[in-house]
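Chemist: For the sequence shown, the positions run 1 to 415 when our numbering is used. Okay, here's the structure, questions in a sec.
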Amino acid sequence: MFHTPAKIPDLRPELLKNSQTERLHEHRDRLLSLPCPIHRLPDDLLMEIFEVVVEDEDQSSYSWILSHVSGRWRRLALATPRLWTNIKLSLPFVTPKDAEYLHNSLEWSGSFPLTVRVAITRGAKRGHRQEIINVLDALAFRARAFHLSVDSIAACGFILPVVFSPGMLQLTLAGLEISDSSNWMEALCRAMSPCQSLQTLNLIGWHPLTGMAVLQFLNDNQHRISLPKLHQLSLCGTVAHAVGTRLDCEPRALESNASSIAPSVLRALAPQMCQLRSIALVRGQLQYPGTSIVSNVIVGILQFMPLLEEMSLHSLALVRSVPGPYRPTTPPCLTKITLDRCIDVWGIVDVIEELNPEEVKKFLVLDISVDVVRPIPSIEQLMDWLSPRVLSVSYKVVCVWSSFCVAVVLTPASD
């Protein structure tokens, strides 16, 4: 009945092990109890929570995670078609796992419209074209939002689905390569002809073959694309602006990279800008911060936009005015100018000075960035210049890397 003293030390390791195991079991039980409240939720409420995941377009993998939590969650996930409507894919090299993912997503999403993001990688060659187009076609005819990006090293030529969905609302085409023939423009017109409901169009970083004259398409009126409901247009690069001139649309908002604002392009884009309410000019994706643009060019742009309400300039160097073909004008609806991380205060002064002084009092100027490497006026000088032109002025100086960010707020004048 009694253990001898010699056997007691032999039991101590076993007792210690049992004690540790008991603590682990207690810790496990506490962890398992944490998700219990959500497991007790009714199916319909849990499915509503699942659908919140759909709002995050960049997290298409969430649906797969939810479907592997438990048997019940998998059953509910498969019964929630909207959970499978976000599709991300890289082409042309599709692994068996990618193929299974694509097949299951198309099946489990039912008839719901898709949000599609396709990246064509640098390994793409002309021999992959038909394979890529087949996949794009399978996705495009159901897509409500479609984002296609082509790596600049890819050698598959101009590539698009044969036709987009009539229900397309958002379309982004980035990095497409155009040739010296009109075949690419015909393909673009054919693919986009059903997109009568398109609201947002982004053309980014298109590039021509070496030595190709891009602006020749400004005089080509053979190919037109009608987009009657387009609201937001983004053009980045000379090719994108040339394509923009072939659009029959009247967007309310335009985003453009400043390096493509040439007089010939501006004149060709005049029909597309006549209904603009807001315009944002930014530096190109491959350009250094502080892309230069002459301040009176900014003012000259306004003559094409009589209904403009807001103008934003981002990461630009506003060079002092020089004689040019532009006639200063102030759209009567203009109420806000935003200068975000722009360089050279005197160029900013020129923009304001060349506008109607009576209208300047309505402007709201934000986030003026001053490069400390350049000779600039002091903040006090800037405030002295602005004070008689506005009702009140306040500012703050914040050190950002090698620059000082000056936030200048011009309060709208009271009636």
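Where a beta carbon is used, it is the ideal one built from N, C-alpha and C, also for glycine. Nothing here was measured: the structure is a model prediction, and the numbers come from that model.
In whole angstroms, what separates the C-alpha of L102 from that of L45?
Modeler: Taking the first residue of the sequence shown as 1, we reach residue 102 at position 102. Taking the first residue of the sequence shown as 1, we reach residue 45 at position 45. Straight-line Cα distance between these residues: approximately 28 Å.
Chemist: Express the C-alpha separation of L233 and V53 in angstroms, rounding to a whole number.
Modeler: Working through the sequence shown from its first residue, we reach residue 53 at position 53. Working through the sequence shown from its first residue, we reach residue 233 at position 233. Near 28 Å, if we compare the C-alpha coordinates of L233 and V53.
Chemist: In the DSSP output, which residue or residues are listed as bridge partners for I120?
Modeler: For the purposes of this step, residue 120 is taken as residue 120 along the sequence shown, with counting starting at 1. Its beta-bridge partners are L91 and V150.
Chemist: For V150, which of R142, M168, A174 and H68 has the nearest alpha-carbon?
Modeler: One-based indexing of the sequence shown puts residue 150 at position 150. When only C-alpha atoms are compared, the closest one is A174.
Chemist: Assign P331 to one of two classes, buried (16 or more other C-beta atoms within 10 Å of its C-beta) or exposed (fewer than that).
Modeler: Within the sequence shown, the letter at position 331 stands for residue 331. Buried, because 16 or more other Cβ atoms sit within 10 Å of the Cβ of P331.
Chemist: Out of L176, E255 and S67, which one is the CA nearest neighbour of R277?
Modeler: The residue given as residue 277 occupies position 277 in the sequence shown. Closest by alpha carbon: E255.
Chemist: Between H147 and the rest of its own chain, which residues show a CB-CB distance below 6 Å, the 5 nearest in sequence each way excluded?
Modeler: Mapped onto the sequence shown, residue 147 falls at position 147. Excluding residues within five positions, the ones whose Cβ falls inside 6 Å are R117 and T172.
Chemist: Can you give the Cα-Cα distance for L11 and R30, rounded to whole angstroms?
Modeler: Mapped onto the sequence shown, residue 11 falls at position 11. Mapped onto the sequence shown, residue 30 falls at position 30. Going by the C-alpha atoms only, they are around 29 Å apart.
Chemist: Between the alpha carbons of P251 and L281, how many angstroms are there, rounded?
Modeler: Sequence index remark: in the sequence shown, residue 251 carries index 251 (1-based). Sequence index remark: in the sequence shown, residue 281 carries index 281 (1-based). About 15 Å.
Chemist: Are the beta-carbon atoms belonging to S105 and R142 less than 8 Å from one another?
Modeler: Along the sequence shown, one-based indexing puts residue 105 at 105. Along the sequence shown, one-based indexing puts residue 142 at 142. No.
Chemist: Please tell me whether L230 has its Cβ less than 8 Å away from any Cβ of chain B.
Modeler: Given the protein chain composition of this structure (a single chain), no chain B is represented.
Chemist: With C-beta atoms as the reference, is P208 less than 8 Å away from I159?
Modeler: If you number the sequence shown from 1, residue 208 lands on position 208. If you number the sequence shown from 1, residue 159 lands on position 159. Contact flag unset, no.
Chemist: Give me the Cα-Cα distance between L176 and A119, rounded to the nearest whole angstrom.
Modeler: Position 176 of the sequence shown, counted from the start, is the residue given in the question as residue 176. Position 119 of the sequence shown, counted from the start, is the residue given in the question as residue 119. Roughly 11 Å between the two C-alpha positions.
Chemist: Residues in its own chain within less than 6 Å of L235 by CB, not counting five upstream and five downstream?
Modeler: Position 235 of the sequence shown, counted from the first residue, corresponds to residue 235. For L235, where only same-chain residues beyond five positions count, the Cβ hits under 6 Å are L203, H241, G244 and S256.
Chemist: Would you decide whether G127 is buried or exposed? Buried here means 16 or more other CB atoms lie within 10 Å of its CB.
Modeler: In the sequence shown, residue 127 corresponds to position 127, counting from 1. Classification for G127: exposed.
Chemist: CB-CB under 8 Å to G123, same chain, minus the five flanking residues each way: which ones, in chain order?
Modeler: Within the sequence shown, numbered from 1, the residue matching residue 123 stands at position 123. Here the set comprises P92, F93 and A154.
Chemist: From the DSSP output, read off the bridge partner residues of T115.
Modeler: For the purposes of this step, residue 115 is identified with residue 115 of the sequence shown, where counting begins at 1. In the DSSP output, where bridge partners are listed per residue, T115 has N86 and A145.
Chemist: For a test of the three-state rule: what should DSSP assign to C189, helix, strand or coil?
Modeler: Here the question's residue 189 lines up with position 189 in the sequence shown. The answer is helix: DSSP assigns C189 an H, G or I state.
Chemist: Check Q170 in the structure and name its three-state DSSP category.
Modeler: In the sequence shown, counting from the first residue as 1, residue 170 sits at position 170. In the structure shown, Q170 sits in a strand (DSSP, three-state: E or B).
Chemist: For a quick check, are the C-beta atoms of T85 and P113 less than 8 Å apart?
Modeler: As a first step, residue 85 is located in the sequence shown; it is residue number 85 there, counting from the start. As a first step, residue 113 is located in the sequence shown; it is residue number 113 there, counting from the start. Taking 8 Å as the Cβ cut-off, T85 and P113 qualify as a contacting pair.
Chemist: CB K229 to CB S197, shorter than 8 Å?
Modeler: Residue 229 sits at position 229 when you count from the first residue of the sequence shown. Residue 197 sits at position 197 when you count from the first residue of the sequence shown. Yes.
Chemist: List the residues that DSSP assigns as beta-bridge partners of A253.
Modeler: Sequence index remark: in the sequence shown, residue 253 carries index 253 (1-based). In the DSSP output, where bridge partners are listed per residue, A253 has Q232 and S278.
Chemist: Taking the straight line between their C-alpha atoms, what separation do you get for S61 and P81?
Modeler: Residue 61 sits at position 61 when you count from the first residue of the sequence shown. Residue 81 sits at position 81 when you count from the first residue of the sequence shown. If you take the alpha carbons of S61 and P81, they lie about 15 Å apart.
Chemist: With DSSP as the reference, label P81 as helix, strand or coil.
Modeler: Within the sequence shown, numbered from 1, the residue matching residue 81 stands at position 81. Helix at P81.
Chemist: Would L76 and F50 qualify as a contact pair, given that the criterion is a beta-carbon distance under 8 Å?
Modeler: Within the sequence shown, residue 76 is the residue found at index 76, counting from 1. Within the sequence shown, residue 50 is the residue found at index 50, counting from 1. Their beta carbons are under 8 Å apart, which means L76 touches F50 by this criterion.
Chemist: Using DSSP's beta-bridge definition, name the partner residues of I337.
Modeler: Position 337 of the sequence shown, counting from 1, holds the residue named residue 337. I337 is bridged to M311.
Chemist: Near W184, which residues of its chain fall below 7 Å by C-beta distance, leaving aside the five closest residues on each side in sequence?
Modeler: Along the sequence shown, one-based indexing puts residue 184 at 184. These residues qualify, in order along the chain: F158 and I178.
Chemist: Taking the alpha carbon of C249 as the point to measure from, which residue in E309, Q199, W64 and P306 has its own alpha carbon closest?
Modeler: For the purposes of this step, residue 249 is taken as residue 249 along the sequence shown, with counting starting at 1. With distances taken between Cα atoms, C249 lies closest to Q199.
Chemist: Going by the beta-carbon positions, is the gap between L308 and I337 smaller than 8 Å?
Modeler: Locating residue 308 in the sequence shown gives position 308, where the first residue counts as 1. Locating residue 337 in the sequence shown gives position 337, where the first residue counts as 1. No, the pair does not count as a contact, with Cβ atoms beyond the cut-off.
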